[in-house]
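Undergrad:
In my numbering, the protein residues as written are 5 to 480.
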């Protein structure tokens, strides 16, 4: 979790539970071998390597420049991968990107993101020190933290550092209207049976949505979860809802990023110096799903539940709304609002994901025809395209094929674009209900096709023909 202050012991325990790595035998297995500083530094290096390798697959630009890591161990702090270490840090002999200082940069142990000499960094106690500190603070003698979960904790906080850096500081993290005290509110909600029952029921729909194979089924179940969130019989007040939106937005996306990277990295060696027993993807997913519906437990169960819900919603968005991450930091919307856009399509298009395209810098929300079945269906039987703006057809490479209007109900303007987003040709076509409908076959290859209603505010006849006019914003 991104640190808000250092005036309580909540930073470490809140982070650990929200990252889905609660210090308990139910969620983590202790490593049997003895840990040392070398092991913890190796894990920090591994987290950075995995972010570089898989980060951009998980989130645009996340893998470009992993956050430095500040490791608190014994009486020293160790700074890894910092571009300009503070003057009090000295380089460790034989380690080009590792520096050390006596004493501690922060007054208390914390698992957080924090600016070190102007660069947002991951701050983490050494693994055994973290376990011991939480045991003392929480009074739990059986708390454990595996190396694999410590690795995921480092990735989780790296994502926080990435988000805060891109936003321009912690004060830019969206509140969604929440101005209360986090700890007080979560303690109250953890004792409220209606809140637990409501979020557990929402979690059931999300679990079923994550498991569904058919996209229309995913959309239906997700819509029911959203409806229960906003219109059920146990809706909390606006303060609680804004708190839910904020925690899911911030902690849910970090949980998502850490989970996705660990899943991507499962089949590769963790490195020559340290072999880490990563959990298989099925186990990682089942841990997440269990947190959506299991009884609330632990010192921060409310935040833990909400972080799991946010991660689940992000995974569903990957299927319903490819491209949802583009503009995530510039057009702040809650995950529920994004899911609302992903579930709102005309009935004939329930098996289509939605995505965004930029046309002359204007954002359009369109159905995505990205396989042969969807491309064959197109806008057939669609009488009213709202709330969408149109449909985009994407092909893996430039191609040429014909388009016709059999069984369509609205007149369309169709634009053909090359790989670079340049408009090559466009035509207006009317509905056709016969078996002898005309086909339009452009005389040059294209990679994208955009269909808009003829009465759209955007008229393709007015689009200039040069590269960059059309930019499909898909995540994958």
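Ideal Cβ positions, reconstructed from N, Cα and C, are used throughout, including at glycine.
Quick check: the Cα distance between residue 262 and residue 134, rounded to an integer number of angstroms?
TA: Rounded to whole angstroms, residue 262 to residue 134 spans 19 Å at the Cα level.
Undergrad: Would you call the region 222-237 and the region 109-121 in contact, with 3 or more CB pairs under 8 Å?
TA: Result no; under three Cβ-Cβ pairs closer than 8 Å.
Undergrad: Would you mind stating whether residue 370 and residue 394 have Cβ atoms separated by less than 9 Å?
TA: Cβ atoms of residue 370 and residue 394: closer than 9 Å.
Undergrad: Does residue 314 come out as helix, strand or coil in the three-state DSSP assignment?
TA: Three-state DSSP puts residue 314 in a helix.
Undergrad: For residue 319, which residues of its own chain have a beta-carbon under 7 Å away from its beta-carbon, when the five flanking residues on both sides are left out?
TA: Cβ neighbours of residue 319 beyond the five flanking positions: 214 and 260.
Undergrad: Would you please state the rounded distance, in angstroms, between the beta carbons of residue 58 and residue 269? I believe it to be under 8 Å.
TA: The pair is a contact, with the Cβ atoms about 6 Å apart (cut-off 8 Å).
Undergrad: Tell me, please, whether the region 321-332 touches the region 298-308 by the rule of three or more beta-carbon pairs shorter than 8 Å.
TA: No contact exists between the region 321-332 and the region 298-308.
Undergrad: For residue 416, which residues of its own chain have a beta-carbon under 6 Å away from its beta-carbon, when the five flanking residues on both sides are left out?
TA: The answer, listed in chain order, is 433 and 455.
Undergrad: Our contact map puts residue 442 next to residue 429 with C-beta atoms below 8 Å; I'd like the distance itself, whole angstroms only.
TA: With 8 Å as the limit, residue 442 and residue 429 do not qualify as a contact, their Cβ atoms being about 16 Å apart.
Undergrad: Can you look up residue 63 in the DSSP assignment and give me helix, strand or coil?
TA: Looking at residue 63 - three-state DSSP - the assignment turns out to be coil, as it is neither helix nor strand.
Undergrad: Which residues does DSSP pair with residue 103 in a beta bridge?
TA: Answer is 83 and 95.
Undergrad: Name the two residues that bound the continuous alpha helix (DSSP H) containing residue 156.
TA: Where residue 156 is concerned, the enclosing alpha helix (DSSP H) stretches over 151-171.
Undergrad: Distance, Cα to Cα, residue 278 vs residue 42?
TA: For residue 278, the predicted model reports a pLDDT of 48, less than 50, meaning its position is unreliable and no value from the coordinates is stated.
Undergrad: So for residue 394, helix, strand or coil by DSSP?
TA: DSSP places residue 394 in strand when its eight states are reduced to three.
Undergrad: Apply the 10 Å Cβ neighbour rule to residue 470 and answer buried if 16 or more other Cβ atoms are within range, or exposed otherwise.
TA: So residue 470 counts as exposed.
Undergrad: Determine, using beta-carbon pairs with one atom in the region 449-463 and one in the region 391-405, whether at least three such pairs fall under 8 Å.
TA: Enough Cβ pairs lie closer than 8 Å, so yes.
Undergrad: So what's residue 7 in DSSP terms, helix, strand or just coil?
TA: The predicted model places residue 7 with a pLDDT of 41, which falls under 50 and marks its position as unreliable; any figure quoted below should be read in that light. Residue 7: coil per DSSP, three-state reduction.
Undergrad: Identify, in the order they occur along the chain, each residue of the same chain with its Cβ nearer than 7 Å to the Cβ of residue 48, setting aside the five sequence neighbours on each side.
TA: 73, 75, 84 and 158, listed in sequence order.
Undergrad: Whole angstroms is fine: what's the gap from residue 399's alpha carbon to residue 312's?
TA: Cα to Cα, the separation comes out at about 34 Å.
Undergrad: Output the boundary residues of the alpha helix (DSSP H) element that contains residue 201.
TA: Residue 201 -> alpha helix (DSSP H) spans 197-215.
Undergrad: Roughly how many angstroms separate the alpha carbons of residue 472 and residue 407, rounded to a whole number?
TA: Approximately 23 Å between the Cα atoms of the pair.
Undergrad: If we require 3 or more residues per run, which beta strand (DSSP E) segments fall completely within the region 339-371?
TA: You should have 358-363.
Undergrad: Helix, strand or coil for residue 177, going by three-state DSSP, please let me know.
TA: The answer is coil: DSSP assigns residue 177 none of H, G, I, E or B.
Undergrad: Under three-state DSSP, which class holds residue 241?
TA: Correct three-state label for residue 241: coil.
Undergrad: Is the region 96-104 touching the region 179-190 in the sense that three or more CB pairs, one from each, lie closer than 8 Å?
TA: Contact fails: fewer than three Cβ-Cβ distances are below 8 Å.
Undergrad: Taking Cβ to Cβ, would you say residue 462 is nearer than 9 Å to residue 368?
TA: The answer is yes: Cβ separation under 9 Å.
Undergrad: Quick one: using the 10 Å Cβ neighbour count with 16 as the cut-off for buried, is residue 382 buried or exposed?
TA: When all chains shown are included, residue 382 counts as buried.
Undergrad: Identify, in the order they occur along the chain, each residue of the same chain with its Cβ nearer than 7 Å to the Cβ of residue 292, setting aside the five sequence neighbours on each side.
TA: For residue 292, where only same-chain residues beyond five positions count, the Cβ hits under 7 Å are 24, 263, 312, 315 and 316.
Undergrad: According to DSSP, what are the bridge partners of residue 417?
TA: For residue 417, which the question treats as bridged, DSSP gives the partners 432 and 456.
Undergrad: In the DSSP assignment, find the unbroken alpha helix (DSSP H) run with residue 285 in it and report its ends.
TA: Element bounds for residue 285: 285-297.
Undergrad: In or out: residue 276 buried (at least 16 other Cβ within 10 Å) or exposed?
TA: Residue confidence for residue 276 is low, a pLDDT of 38 falling below 50, so the modelled location carries little weight and cannot support an answer.
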